[in-house]
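Novice:
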Amino acid sequence: MTGKIVVIGAGAAGVMAALTAAQKNKVILIEKNDRIGKKLFITGKGRCNVTNACDADGFFNSVVTNSKFMYSSFYTFDNNMIMDYLEKAGCPLKIERGGRVFPTSDHSSDVIGAFKTLINRNKNISLYLNTKVTGINIEDGRIKSVDVSGDNGGTGNDRIYCDAVIICTGGRSYPLTGSTGDGYRLAEYMGHTIKPLSPSLVPFEIEEKCCSMMMGLSLKNVALHISSGKKKIFDEQGEMLFTHFGISGPLVIKASAYIHRYIGKDIDMYIDLKPAMDRDMLDARLLKDFKKYANKDFKNSLGDLLPIKMIDVVVERSGINPYKKVNSVTREERQRLIDVLKEFRLTFVGLRGYDEAIITRGGVSVKEVNPSTMESKLVGGVYFAGELLDIDALTGGFNLQVAWSTGYLAGLSASESLQ
Numbered sequence: 307m308t309g310k311i312v313v314i315g316a317g318a319a320g321v322m323a324a325l326t327a328a329q330k331n332k333v334i335l336i337e338k339n340d341r342i343g344k345k346l347f348i349t350g351k352g353r354c355n356v357t358n359a360c361d362a363d364g365f366f367n368s369v370v371t372n373s374k375f376m377y378s379s380f381y382t383f384d385n386n387m388i389m390d391y392l393e394k395a396g397c398p399l400k401i402e403r404g405g406r407v408f409p410t411s412d413h414s415s416d417v418i419g420a421f422k423t424l425i426n427r428n429k430n431i432s433l434y435l436n437t438k439v440t441g442i443n444i445e446d447g448r449i450k451s452v453d454v455s456g457d458n459g460g461t462g463n464d465r466i467y468c469d470a471v472i473i474c475t476g477g478r479s480y481p482l483t484g485s486t487g488d489g490y491r492l493a494e495y496m497g498h499t500i501k502p503l504s505p506s507l508v509p510f511e512i513e514e515k516c517c518s519m520m521m522g523l524s525l526k527n528v529a530l531h532i533s534s535g536k537k538k539i540f541d542e543q544g545e546m547l548f549t550h551f552g553i554s555g556p557l558v559i560k561a562s563a564y565i566h567r568y569i570g571k572d573i574d575m576y577i578d579l580k581p582a583m584d585r586d587m588l589d590a591r592l593l594k595d596f597k598k599y600a601n602k603d604f605k606n607s608l609g610d611l612l613p614i615k616m617i618d619v620v621v622e623r624s625g626i627n628p629y630k631k632v633n634s635v636t637r638e639e640r641q642r643l644i645d646v647l648k649e650f651r652l653t654f655v656g657l658r659g660y661d662e663a664i665i666t667r668g669g670v671s672v673k674e675v676n677p678s679t680m681e682s683k684l685v686g687g688v689y690f691a692g693e694l695l696d697i698d699a700l701t702g703g704f705n706l707q708v709a710w711s712t713g714y715l716a717g718l719s720a721s722e723s724l725q
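Every number in the working numbering is 306 more than the matching position in the sequence shown, counting from 1.
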């Protein structure tokens, strides 16, 4: 053994960094919770979407912020490697729609259990639970020690001398899991720039009250269009959900990864409720339904086209008298209805908070971190990994892959630097 490495945070990046570094060094893994992987436990709605089985291009195209920074770490430890790693550790995996990879059992506890077993078997790792890092000490531009308080194998406050530190404390999303921004404070203390933080992969708050009227309504195969001025921000099809505060669902969560830089600017947003039909096709469909329900009130003619919860809202937006007989609806009124169906407009108010965010956008500036090693360019012997960095990706296992890849490379680099 040639050195001692402290890893701060026992989430995805931290456990990977600790296990990798412990192949040749003594490692102290510090976690302020009473167990490892507390946030891992709730990811993927409790199923843990460990990675995505896409090719390299698919991965890099799914990293929204600073994807080029990920080249070295991903090619050092890619998605196939983490899949092989977990299966060898006794956690069989399966691949689902969109390349998403889950434990075969559908239980995130099996992923955590595999890591817990690996940690317990490794005699080079000392795990300190219920322990918080309160300070970091630097001498002559290099890490010297960390100050901790809590259980840490003893009582009260202690100073742990070390040769390297890997900071894997996560972001601010799901703060109840312990993600309260501790790593940002440590990084700032060392002189690092923290790029503005905001919740990401999170639902939208919408001004219109009609959302709460349709609360619980899920729409499939609709298109969400978002722009700011002449700049197209997002334009994709998928599934979404109306809530008491606005809109959510996979389509909205994905869109949230792209909307941050436009918050505060004019944002134009609408849903195409029938993207598979152009205006002429939709008009033909309406004429067919109107013929079928010729003697009914207008509001009772849309049941074949729209979910029941949506009919009153669409009728009101169309401006057509809900009690007007269908056979007397004019062509002009029909065109207004098509306008509503093809451009169901909503007013963006903002993003929901960190409590509902899957990840945090922003973090330690990657310009101050060596992408080939994950080592700080400002302080020797300090490494960063995971969500703490200014890297964020789409849903589908990509953010966890960022954690595995950067954690592995940080652990490997810290270990090799001490040989």
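C-beta atoms are modelled at their ideal positions from N, C-alpha and C, and glycine is treated no differently.
Computed from a predicted model, the values in this text were never measured in an experiment.
#1: Comparing C-alpha positions only, which one of S379, Y381, G419 sits nearest to P398?
#2: Using the C-alpha atoms, what's the distance from D464 back to Y568?
#3: Between S712 and S379, which are expected to be in contact by the criterion C-beta below 8 Å, what is the C-beta distance as a whole number of angstroms?
#4: What residues match up with F548 in a beta bridge as DSSP calls it?
#5: Kindly indicate which residue of R623, V685, E337 has the alpha-carbon position closest to the one of T475.
#6: Let's see if you can read the secondary structure: which residues bound the beta strand (DSSP E) around E726?
#7: Here's the rule I'm using: 16 or more other beta-carbon atoms within 10 Å means buried, otherwise exposed. How should T423 be labelled?
#8: Can you grab the Cα-Cα spacing for the pair S534 / G396, in whole Å?
#9: As an exercise, report each continuous alpha helix (DSSP H) stretch of at least 4 residues that is fully enclosed by the segment 481 to 507, in chain order.
#10: Starting from K400, trace the beta strand (DSSP E) both ways and give me its first and last residue.
#11: To the nearest angstrom, how far is the alpha carbon of K450 from that of H413?
#12: Say whether the segment 351 to 358 touches the segment 398 to 411, bearing in mind that this needs 3 or more beta-carbon pairs closer than 8 Å, one atom from each stretch.
#13: Buried or exposed: which applies to V619, given that a residue is buried once 16 or more other Cβ atoms fall within 10 Å of its Cβ?
#14: Under the rule that 16 or more other beta-carbon atoms within 10 Å means buried, what is A328, buried or exposed?
#15: Taking DSSP as the reference, what is the three-state secondary structure of I336?
#16: Tell me the residue span of the alpha helix (DSSP H) that contains Y714.
#17: I think T382 touches Y714, with their Cβ atoms under 8 Å apart; what is that distance to the nearest whole Å?
#18: Which of the three DSSP states is assigned to M575 in this structure?
#19: Return the Cβ separation of I500 and I553 in integer angstroms, given the expectation that the two are a contact with Cβ distance under 8 Å.
#20: What number of angstroms, rounded off, separates the C-alpha of V675 from the C-alpha of G352?
#21: Quick check on DSSP: helix, strand or coil for G476?
#22: Does the segment 526 to 545 come close enough to the segment 575 to 586 that 3 or more CB-CB pairs lie under 8 Å?
#23: Spell out a yes or no on whether the segment 639 to 649 and the segment 479 to 486 are touching, meaning 3 or more CB-CB pairs, one atom from each, closer than 8 Å.
Specialist: According to the structure data:
#1: G419
#2: 45 Å
#3: A quick correction: the sequence has Thr, not Ser, at residue 712. That pair is a contact at about 5 Å.
#4: I553
#5: E337
#6: Residue 726 lies beyond the stretch modelled for the chain, which goes from 307 to 725, so this question has no answer here.
#7: exposed
#8: 48 Å
#9: 488 to 495
#10: 399 to 401
#11: 40 Å
#12: yes
#13: buried
#14: buried
#15: strand
#16: 704 to 723
#17: 6 Å
#18: strand
#19: Incorrect: roughly 30 Å between the Cβ atoms, too far for contact.
#20: 32 Å
#21: coil
#22: yes
#23: no
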